[in-house]
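Everything on this sheet refers to the single structure shown next.
2 protein chains.
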Amino acid sequence: MSDAADARLAQATLTPPLTPPSKWSKLGKDKEETPADINIPDNYVAWTLKNQKALPPISWDNWWKELNYISVMVLTITPAISIWGLCTQKLRWETFLFSVFYYYVTGLGITAGYHRLWAHRSYNASKPLQYFLAMAGAGAVEGSIKWWSRGHRAHHRYTDTDLDPYNAHRGLWWSHIGWMLVKPRRKPGVADISDLSKNDVVRWQHRWYIQLILICGFLIPTVVCGLGWGDWMGGYVFAGAGRLCFVHHSTFCVNSLAHWLGEAPFDDKHTPRDHLVTALVTIGEGYHNFHHQFPMDYRNAIKWYQYDPTKWFIWVCQQLGLASHLKVFPDNEVRKGQLTMQLKRLREQQEGLRFAPDSNDLPVISWESYQEQSLKRPLIVIAGFIHDVSDFIDQHPGGPHLITKYIGRDATTAFFGGVYDHSNAAHNLLSMKRVGVLHGGTQHGLDDKAIPPAQRLRVARY
Amino acid sequence: MSDAADARLAQATLTPPLTPPSKWSKLGKDKEETPADINIPDNYVAWTLKNQKALPPISWDNWWKELNYISVMVLTITPAISIWGLCTQKLRWETFLFSVFYYYVTGLGITAGYHRLWAHRSYNASKPLQYFLAMAGAGAVEGSIKWWSRGHRAHHRYTDTDLDPYNAHRGLWWSHIGWMLVKPRRKPGVADISDLSKNDVVRWQHRWYIQLILICGFLIPTVVCGLGWGDWMGGYVFAGAGRLCFVHHSTFCVNSLAHWLGEAPFDDKHTPRDHLVTALVTIGEGYHNFHHQFPMDYRNAIKWYQYDPTKWFIWVCQQLGLASHLKVFPDNEVRKGQLTMQLKRLREQQEGLRFAPDSNDLPVISWESYQEQSLKRPLIVIAGFIHDVSDFIDQHPGGPHLITKYIGRDATTAFFGGVYDHSNAAHNLLSMKRVGVLHGGTQHGLDDKAIPPAQRLRVARY
Ligand code: HEM
Ligand code: HEM
Ligand SMILES: [Fe+2]
Ligand SMILES: [Fe+2]
Ligand SMILES: [Fe+2]
Ligand SMILES: [Fe+2]
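Top line first, the protein sequences correspond to chains A and B. Start counting the first sequence at 108; every next residue gets the next number (my numbering). Start counting the second sequence at 108; every next residue gets the next number (my numbering).
Okay, here's the thing in structure tokens:
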């Protein structure tokens with residue numbers, strides 16, 4: 108290829124054509140159905156964070172003006188009703204059991220429905236399952252699927268930045284509940300939900316949302332306990348309000364605790380963490396480090412013994428023919444992430460250790476000079492290297508006599524198994540005592556003898 | 108240096124002088140005091156295993172002729188007395204408590220005395236402590252210090268070979284007790300105990316060994332329980348025989364269980380293993396993988412929360428001024444061993460994974476040809492590489508539209524944070540979809556973009 112062509116090519120690389128080949132673009136016509144982010148510039152994130160105005164920080168002077176009164180009411184009245192109930196009503200065991208059960212139903216509405224199905228498209232659900240999840244999710248009173256997924260997609264897309272509505276860098280309180288109690292300081296970063304805008308069930312839920320909250324959040328639990336065992340009031344305060352409190356804080360923990368407590372076995376660039384405790388309180392959403400790396404995976408926990416009931420629920424739905432196309436990230440890539448994190452850790456350890464000098468850093472010494480010098484200090488040749496063993500003669504587990512015997516001599520065969528097949532630790536220690544290279548001594552210098560075991564494998568960059 | 112000198116040097120390396128420089132040799136005159144291994148040839152191990160005669164294997168025809176009747180009697184009569192005692196005597200709680208206490212005293216005689224002090228010289232003990240340990244060790248009835256250390260040093264020196272008296276490759280039964288019940292099949296490999304032959308306490312114990320067994324193994328426990336709370340018979344059968352059974356099998360476990368159960372965090376060349384259970388039953392000798400790597404270390408367990416009462420005992424003796432010069436292997440070398448083992452494990456994992464092709468293995472494609480081909484299949488340029496994303500468009504968590512938009516274009520900026528700051532997992536996955544290198548596209552090819560995160564660190568050989 109000519110230099111001119113080269114230059115043209117390079118030019119082309121820098122200014123790509125502006126319209127995509129039409130064959131691969133399948134965009135809808137209608138405004139709602141056009142992805143919100145289809146026309147954003149290549150430097151959208153940096154540009155927006157820099158140029159978009161944000162509301163002022165919350166302070167003692169402005170907090171009462173900045174409150175989001177609807178959320179504040181929902182999040183204070185619900186626990187108030189529960190506490191009042193606890194003080195005045197008897198908690199019947201049937202009501203208690205039903206509350207726990209209904210906690211899981213409405214919790215799964217959020218985790219298996221809102222989160223893994225709609226926000227992340229990690230599997231396909233049949234219509235009946237979708238209606239069930241949409242209603243169960245409404246019973247958790249956390250906003251409509253559309254609103255919730257919009258925020259959650261921005262959370263994933265802009266994790267730990269101010270375009271993330273529940274930015275964990277703003278602290279545990281903010282990411283848990285603070286972000287809802289005040290007006291959002293910024294518009295969440297753009298995130299596409301055109302797929303949800305096209306979905307009948309999502310539209311239906313959004314349209315009837317207030318009615319669905321009342322029915323699924325309060326009416327159903329009240330009626331079940333009332334008709335079932337005559338505990339109307341208990342149904343309302345315990346299975347309704349009390350259960351709702353738990354569902355709220357349980358799912359909020361995914362934004363707070365899951366970005367704070369635990370390990371980062373897949374990547375530590377961002378705040379998400381894996382922890383059993385978080386999993387226990389969030390119906391399995393606690394393996395959040397995995398989840399942020401592989402958000403379209405229907406699982407959060409990849410090991411069978413880890414606690415992820417949401418995954419189990421989706422899997423059972425698949426067995427029943429209600430769910431399909433469960434997405435799984437290639438195992439090869441998952442294990443690569445784990446490997447990288449472990450190598451990172453070992454590399455730090457490696458950098459904290461001292462290793463033996465290699466032959467390039469040592470003086471080359473003749474046999475005669477070695478003889479001469481070993482009359483003055485205890486030198487031993489092993490594998491072509493000259494070692495000063497002054498500080499080791501009395502420490503030698505094989506006894507000092509075996510060391511002194513070889514001063515001024517070649518102990519290669521004896522050291523390498525002839526007399527004693529030394530451990531790797533002994534080889535490593537020996538290498539630390541190198542003071543020179545014997546001229547011509549590389550006859551012994553087979554790689555396996557010259558390179559101490561601790562230096563045969565190492566964590567290398569690139 | 109001349110070629111002739113070179114040749115002479117090489118010659119010298121191959122035939123070392125036969126006598127060590129006298130200045131560094133401090134050998135005694137007397138036969139006992141001359142190290143047994145001072146004059147063995149450099150190929151001693153291989154030569155001996157090949158040429159030394161061994162007794163025939165044990166079989167149905169010869170076992171009764173091959174029994175070592177003394178050991179068989181000691182190891183059967185002791186449990187017989189204990190069982191008889193359990194059936195006929197009442198176990199008083201004072202006797203029980205004293206038996207447990209005396210188990211630890213005589214056990215420490217073996218672990219802190221025989222093993223770590225005399226066999227391994229891992230610290231210095233004052234005379235009073237030496238007499239205490241020599242008597243306590245005699246109470247464990249496992250042979251004299253001299254005999255025991257001779258065997259144990261051979262065990263370390265020839266671990267897992269037939270020169271090791273309790274070679275673990277011969278199975279759990281053999282290494283636990285089998286080796287004592289029959290005549291040794293071979294003479295244990297040579298091991299020097301000239302240091303012990305010079306030691307007064309060791310000589311004294313060897314000289315009065317039978318008397319000491321009777322006194323420390325049986326008389327003392329009987330008399331203590333008898334004079335203390337009138338339980339003469341209980342003292343004899345429980346604190347004497349019963350306790351001895353436990354001490355026996357507890358210390359035998361160091362040769363059997365400790366070479367069989369657990370992990371090898373320091374080196375896996377030989378059978379020794381680390382396990383908490385072994386530590387619990389052997390008064391702390393269960394970190395045996397560590398111990399075989401660092402036998403002259405007074406510790407077996409290096410972490411404070413690991414169970415090693417023998418170490419604690421030695422440390423307390425040091426505080427009391429009874430012990431000194433506690434040897435510790437350099438921490439740098441200990442951690443090297445651990446690092447190597449972990450790297451080995453990760454290297455195996457690494458070899459089980461598929462990684463992305465690098466630019467040398469891919470065709471170089473011009474911008475024009477890329478344009479043309481991307482009309483036929485979905486190709487995207489990122490960081491100078493051309494990727495085929497056919498199987499990924501519908502799997503993309505960011506939505507298919509963001510991928511289709513960039514077909515035939517350059518998505519480097521968008522992919523690297525402009526639109527979305529992709530996770531390491533996304534980068535790794537992307538790299539697996541490489542099908543070509545863009546001609547001139549290396550302008551983007553900064554290392555950090557061209558090398559997927561999973562390939563920036565790797566376990567390398569040499
Ligand atoms: C400076 C050179 C040497 C170093 C650093 C060294 C180091 C060690 C170490 C760390 C051990 C403990 C067991 C193990 O980790 O494998 C050991 C044991 C031993 N070494 Fe060396 N050694 C050296 C030279 C030699 C030589 C030249 C001989 C033989 C002629 C020898 C013979 C032995 C024997 C027989 C043992 C076994 C002791 C036992 O377990 O009872 N060593 N050595
Ligand atoms: C073949 C090339 C691509 C691959 C393999 C890929 C892979 C991924 C993966 C694995 C994720 C999940 C989140 C993560 O792991 O970070 C993701 C999310 C995303 N990707 Fe891509 N991507 C590609 C191209 C693009 C391009 C060109 C854009 C932008 C123009 C883009 C925009 C996004 C966005 C916005 C998300 C966030 C989705 C969310 O969390 O809601 N991707 N991508
Ligand atoms: Fe998150
Ligand atoms: Fe998520
Ligand atoms: Fe051992
Ligand atoms: Fe030992």
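Heads up, the beta-carbon is just placed ideally off N, CA and C, and yes, glycines get one too. None of these values were measured; they are calculated from a predicted model.
Could you please give me the residues that DSSP links to residue i through a beta bridge?
i: F523 of chain A; result: A:D528
i: D404 of chain B; result: Note: D404 of chain B sits in no beta bridge, so no partner.
i: S431 of chain B; result: B:N231
i: L567 of chain B; result: According to the sequence provided, residue 567 of chain B is Ala. The question's Leu does not apply to it. According to DSSP, A567 of chain B bridges with A:R565.
i: Y394 of chain A; result: A:D381
i: V471 of chain A; result: A:V544
i: F345 of chain B; result: In the DSSP output, where bridge partners are listed per residue, F345 of chain B has none listed.
i: E370 of chain B; result: B:D381
i: F492 of chain B; result: B:I489, B:V544
i: D517 of chain A; result: A:V488
Give the interface partners of residue i over in chain A, defined as CB-CB distance under 8 Å, in chain order.
i: F401 of chain B; result: A532
i: A521 of chain B; result: D149
i: H227 of chain B; result: P504
i: D302 of chain B; result: G506
Got a sec? Which residues, its chain only, sit under 8 Å from residue i by beta carbon, not counting five neighbours each side?
i: W170 of chain B; result: V289
i: L182 of chain A; result: I284, M287, L288, H355
i: R380 of chain A; result: A365, H366, W367, L368, G369, E370, A371, H395, N396
Taking residue i as the query, report the chain A residues whose CB atoms sit under 9 Å from its CB, ordered along the chain.
i: H398 of chain B; result: In chain order: nothing, as chain A lies at least about 11 Å away.
i: F373 of chain B; result: S530, N531, A532
i: L453 of chain B; result: L446, Q449, L450, L453, L564, V566
i: D299 of chain B; result: G505, G506, H508, L509
What does residue i touch in chain A if you count any residue whose Cβ is under 7 Å from its own?
i: E440 of chain B; result: A532, N535, L536
i: P142 of chain B; result: G506, H508
i: I493 of chain B; result: By Cβ distance, chain A contributes nothing, its closest Cβ being about 11 Å from I493 of chain B, past 7 Å.
Just tell me which of the options has its CA closest to the CA of residue i.
i: Q237 of chain B; options: B:L469, B:G216, B:G285; result: B:G216
i: F436 of chain A; options: A:F373, A:L469, A:W474; result: A:F373
i: L433 of chain A; options: A:K418, A:Q445, A:G349; result: A:K418
i: I317 of chain A; options: A:K157, A:V471, A:I252; result: A:I252
i: H262 of chain B; options: B:L536, B:N362, B:H546; result: B:N362
i: K443 of chain B; options: B:L482, B:Q400, B:T329; result: B:Q400
i: P470 of chain B; options: B:Y176, B:G505, B:G547; result: B:G547
i: S497 of chain B; options: B:Y151, B:V542, B:R314, B:C360; result: B:V542
i: E458 of chain A; options: B:N467, B:L446, B:L303; result: B:L446
i: F50 of chain A; options: A:Y209, A:I165, A:P163; result: With chain A covering 108 to 569 only, the question about residue 50 of chain A has no answer from this structure.
i: S473 of chain B; options: B:G491, B:L460, B:F462; result: B:G491
i: P507 of chain A; options: B:I510, B:G258, B:W191, B:D302; result: B:D302
Run down chain B in chain order and give the residues with a C-beta less than 8 Å from the C-beta of residue i.
i: Y151 of chain A; result: G525, V526
i: T447 of chain A; result: N531, P560, A561, R563, L564
i: L460 of chain A; result: N439, R442, K443, L446
i: K376 of chain A; result: S530, N531
i: D269 of chain A; result: By Cβ distance, chain B contributes nothing, its closest Cβ being about 14 Å from D269 of chain A, past 8 Å.
i: K418 of chain A; result: Near K418 of chain A there are no residues of chain B at all, since even the closest Cβ is about 17 Å away, more than 8 Å.
Between residue i and the rest of its own chain, which residues show a CB-CB distance below 7 Å, the 5 nearest in sequence each way excluded?
i: A521 of chain B; result: Y513
i: Q425 of chain A; result: S431, L433
i: P291 of chain A; result: P272
i: H534 of chain A; result: P559, P560
i: T202 of chain B; result: C332, D338, G341, G342, F345, A346
To which residues of the same chain is residue i closer than 6 Å at the C-beta, ignoring the five residues directly before and after it?
i: F408 of chain A; result: The amino acid at residue 408 of chain A is misidentified as Phe; the sequence shows Ala. Counting only Cβ-Cβ distances below 6 Å, and skipping sequence neighbours, we find Y394, D415.
i: R350 of chain A; result: S206, Y209, Y210
Given that residue i touches chain B, what residues does it touch there, using C-beta distances under 9 Å?
i: Q456 of chain A; result: R442, Q445, L446, Q449
List the residues of chain B whose Cβ lies closer than 7 Å to the Cβ of residue i, in chain order.
i: I145 of chain A; result: H508, K512
Give, in chain order, every residue of the segment 253 to 264 of chain B whose Cβ lies closer than 7 Å to some Cβ of chain A. R264
For the segment 458 to 489 of chain B, list every residue whose C-beta sits within 7 Å of some C-beta in chain A, in sequence order. L460, R461, S473, W474, S481, L482, P485
Any residues in the segment 165 to 192 of chain A with a beta carbon nearer than 8 Å to a beta carbon of chain B? Which ones, in chain order? none
When you check each C-beta in the segment 419 to 434 of chain A against every C-beta of chain B, which residues fall closer than 9 Å? K434
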